[in-house]
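Read the structure below first, then the notes.
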Amino acid sequence: MRPKPQYRVPPRRPRLRLVHSRADPSFISASPLLTAAIAETVATAVMAEHARLGTPVTVDVVMDHLRFRRGFTDVETLERIGLAACETIISREHAAIEAHRRAKPPRRQRRMQGAVQLLLPFTEPLEAAA
């Protein structure tokens, strides 16, 4: 009987953790990369929560989320991350609107549009004659 093959499990890499504002707000406000990462996380959380509740997202909502849910107290950090989160939310909303606008209509509706376009050349001379 042959022994079972031994499979080597790759070691798990430690996950990167974002530094919380209670640790050192000046470090976060000085790091644009961390600011962007936190803003993305905050934007995702706020949009998900308000999509679930069906309420609009405002600047005050984002700032309250940062202040009370995330524990940010430094005004400069709040402004920087809040502004970045609001910009992220706005860009996502614009992208969603644009994607919805460019989406193809359902197949049946497309067929109907084609039929209407086929009929148009025949109806135009009748309208001109009348």
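Read left to right, the sequence shown gives residues 2 to 131 (this note's numbering). We put the CB at the ideal spot given by N, CA and C, even for glycine.
Between the CA atoms of Ala-96 and Arg-103 - distance to the nearest angstrom:
11 Å
Given that a residue counts as buried once 16 or more other Cβ atoms are within 10 Å of its Cβ, and exposed if not, what is Arg-81?
buried
In chain order, what residues of the same chain have a beta carbon less than 7 Å from the beta carbon of Glu-41, not counting five sequence neighbours either side?
Thr-89
Looking at the ligand MN, does it come within less than 7 Å of Thr-78, judged from the CB to the closest heavy atom?
For the ligand MN, the structure offers nothing, since it holds no ligand at all.
Val-58, DSSP secondary structure in three states:
coil
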